[in-house]
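Protein chains in written order, with the working numbering: chain A, 1 to 235; chain B, 236 to 470.
2 protein chains.
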Amino acid sequence: METRGHHISHKFDAELEDVRNRVLAMGGLVEQQILQAITSLAEGDTKLAEVVIDNDIKVNSAEVAIDEECTHIIARRQPAASDLRLLIAVIKTITDLERIGDQAERIARMSQRLAQFERPKNQYGELKHIGELVAQMVHDALDAFARMDAEAAVNVARQDLKVDQEYDGVMRQALTFMMEDPRAITRMLDVMWTARAIERIGDHAKNICEYVIYLVMGKDVRHTGIEKMGGEIKR
Amino acid sequence: METRGHHISHKFDAELEDVRNRVLAMGGLVEQQILQAITSLAEGDTKLAEVVIDNDIKVNSAEVAIDEECTHIIARRQPAASDLRLLIAVIKTITDLERIGDQAERIARMSQRLAQFERPKNQYGELKHIGELVAQMVHDALDAFARMDAEAAVNVARQDLKVDQEYDGVMRQALTFMMEDPRAITRMLDVMWTARAIERIGDHAKNICEYVIYLVMGKDVRHTGIEKMGGEIKR
């Protein structure tokens with residue numbers, strides 16, 4: 001979060017900077033959770049999955065702590081409208097980060113189940129690919145947040161279309177496998193749930209982008225199409 | 236939201252009362268969306284499904300408007316910590332209500348797909364039942380919110396366990412049908428996605444309950460088990 005204008009209190013600036021750093025640290029943790037969950041899936045590494053499941057509590061604690069800090073700052077500093085919007089956007093962003101963490105945990109649990117089955121030749125390469133895509137989206141969304149860069153946020157949000165396309169491909173393929181071989185149904189359902197969890201991470205990253213665009217543009221772009229967003233920023 | 240203590244400004248009280256009424260109205264709209272989506276599913280009524288899909292924009296607009304109103308009130312009134320927490324809880328609650336609306340829309344879309352297939356004898360009675368259960372949870376969660384009743388909130392949150400049990404039953408049954416008759420796979424997947432959307436509504440209702448408990452107890456009970464919550468309230 002770039003400091004917008006000078007604040008009378010240097011301490012207030014320092015507090016905002018601290019919040020910014022904590023959100024980025026929480027984002028780094030969540031990104032790591034996604035990547036480890038995906039690795040555990042691709043490598044059938046149930047121990048790594050266990051680590052991800054155990055670490056979800058750290059994500060939850062980070063959310064609670066940052067939420068508290070934001071509320072304290074608002075109560076104590078009674079910030080002007082623009083800083084207030086920023087702090088409320090932080091509270092929303094960490095809610096999405098926490099839910100991304102839940103999805104990472106879900107992927108880790110699925111990877112434990114899938115490790116019991118025969119493995120496909122490509123080692124779930126297509127899931128790994130979408131997983132890396134959404135982890136990058138989360139990273140870039142927080143980067144756009146930190147720099148308050150609406151154009152970057154629009155670009156990241158656009159990536160969600162690509163995620164959705166790849167997701168549709170995985171789902172179609174899993175459905176085909178099921179129909180061809182009913183013995184594969186249980187395993188293919190787990191693949192589908194995993195794909196769904198990954199796809200939802202993309203949605204949450206897109207939510208974060210929308211908060212950035214909202215903050216920069218000063219109007220609500222949620223529930224507006226991405227293309228329209230991009231157009232409005234260029235204007 | 237009960238008024239806690241007297242506010243110097245009667246206008247501030249009136250503003251909080253207005254927010255309260257708008258949240259309840261939004262809740263009523265969302266509850267109607269769920270019930271209509273479920274009815275369209277149970278009766279194969281694709282026109283009613285269309286109405287639900289069209290009305291989702293009303294849910295989205297309500298979220299944006301209430302969000303703006305809360306931010307304005309915080310900026311203008313610079314409320315004390317307890318009222319601030321209340322307003323932030325409202326902002327979080329309407330985010331969950333908006334996402335419940337998205338799930339209702341998703342159920343409506345699934346009901347349109349399922350209407351093309353042969354219908355089961357029980358007319359998706361088990362999905363209808365869980366759907367009514369979660370609609371009631373949403374209603375009761377908002378009721379607990381309006382009355383700031385933490386004990387009621389714990390009871391509503393507990394219902395989520397029942398939803399999860401019924402959800403597991405539907406999923407197991409759908410899996411059995413798939414294995415017995417691979418021609419039913421496509422339809423059963425739609426049943427599973429519908430069940431998942433319903434189950435997620437229960438999760439969002441539970442989130443709302445947690446905000447209430449947090450507000451009343453003054454500490455963060457998110458990420459704490461429901462039983463522990465109940466114990467703490469009795470103490």
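Just so you know, even glycine gets a beta-carbon here, dropped at the ideal spot from N, CA and C. Just so we're clear, the structure is a prediction, and the values are computed from it rather than from any experiment.
With a threshold of 8 Å between beta carbons, is residue i in contact with chain A?
i: K327 of chain B; result: yes
i: R407 of chain B; result: no
i: I420 of chain B; result: yes
i: M383 of chain B; result: no
With a CB to CB cut of under 7 Å and the five nearest residues on each side skipped, what residues in its chain are close to residue i?
i: L264 of chain B; result: K293, V294, A297
i: H439 of chain B; result: D331, R334, I335
i: D190 of chain A; result: M110, R113, L114
i: A144 of chain A; result: A152, A153, V156, C209, V212
i: F352 of chain B; result: R422
i: I326 of chain B; result: D302, C305
Looking at chain B, is there any beta carbon in it that lies within less than 8 Å of the beta carbon of residue i?
i: R106 of chain A; result: no
i: I88 of chain A; result: yes
i: L133 of chain A; result: no
i: A81 of chain A; result: yes
i: T176 of chain A; result: no
i: T3 of chain A; result: Because T3 of chain A carries a pLDDT of 48, less than 50, the predicted location of this residue cannot be relied on, and the following value inherits that uncertainty. Output row for T3 of chain A: interface = no.
i: Q78 of chain A; result: yes
i: R119 of chain A; result: no
i: L142 of chain A; result: no
i: M179 of chain A; result: yes
i: I74 of chain A; result: yes
i: T194 of chain A; result: no
i: R85 of chain A; result: yes
Just the C-alpha distance for residue i and residue j, rounded to the nearest angstrom, thanks.
i: L48 of chain A; j: Q36 of chain A; result: 7 Å
i: L472 of chain B; j: D416 of chain B; result: Only positions 236 to 470 of chain B appear in the structure, and residue 472 of chain B is not among them; the question remains open.
i: K128 of chain A; j: S317 of chain B; result: 45 Å
i: I252 of chain A; j: I66 of chain A; result: Outside the displayed range of chain A (1 to 235) lies residue 252 of chain A, so it cannot be described from this structure.
i: V373 of chain B; j: G437 of chain B; result: 8 Å
i: T41 of chain A; j: R172 of chain A; result: Before going on, a small fix: residue 41 of chain A reads as Leu here, not Thr. About 20 Å.
i: E434 of chain B; j: V405 of chain B; result: 11 Å
i: V19 of chain A; j: D403 of chain B; result: 40 Å
i: K121 of chain A; j: E43 of chain A; result: 12 Å
i: Q338 of chain B; j: V154 of chain A; result: 25 Å
i: I38 of chain A; j: H72 of chain A; result: 36 Å
i: E303 of chain B; j: A430 of chain B; result: 33 Å
i: E17 of chain A; j: V64 of chain A; result: 18 Å
i: R354 of chain B; j: M423 of chain B; result: 11 Å
i: R85 of chain A; j: E250 of chain B; result: 19 Å
i: A141 of chain A; j: D149 of chain A; result: 10 Å
i: I53 of chain A; j: E31 of chain A; result: 14 Å
i: A409 of chain B; j: S244 of chain B; result: 57 Å
i: M414 of chain B; j: A184 of chain A; result: 9 Å
i: M192 of chain A; j: T186 of chain A; result: 10 Å
i: G131 of chain A; j: D45 of chain A; result: 16 Å
i: E126 of chain A; j: E166 of chain A; result: 8 Å
i: V51 of chain A; j: Q136 of chain A; result: 21 Å
i: D160 of chain A; j: C305 of chain B; result: 30 Å
i: Y214 of chain A; j: I309 of chain B; result: 18 Å
i: D291 of chain B; j: D56 of chain A; result: 33 Å
i: A315 of chain B; j: D164 of chain A; result: 44 Å
According to DSSP, is residue i part of a helix, a strand, or is it coil?
i: G279 of chain B; result: coil
i: R119 of chain A; result: coil
i: D384 of chain B; result: coil
i: P182 of chain A; result: helix
i: Q173 of chain A; result: helix
i: S244 of chain B; result: coil
i: Q78 of chain A; result: coil
i: Y359 of chain B; result: coil
Got a sec? Which residues, its chain only, sit under 6 Å from residue i by beta carbon, not counting five neighbours each side?
i: R312 of chain B; result: F247
i: A197 of chain A; result: Q103, R106, I107
i: M261 of chain B; result: A297, L332
Leaving out five residues on either side along the sequence, give the residues of the same chain with a beta carbon under 8 Å from the beta carbon of residue i.
i: I162 of chain A; result: Looking at the sequence shown, residue 162 of chain A is not Ile but Lys. Excluding sequence neighbours, K162 of chain A sits near L133.
I'd like to know if residue i contacts chain C, where contact means its C-beta is closer than 8 Å to some C-beta of that chain.
i: K363 of chain B; result: Checking the listed chains, one finds no chain C in this structure; the protein chains it contains are A and B.
message: What are the residues in the region 252–286 of chain B lying within 7 Å of chain A by C-beta distance?
response: Of all residues in the region 252–286 of chain B, none has a Cβ within less than 7 Å of some Cβ in chain A.
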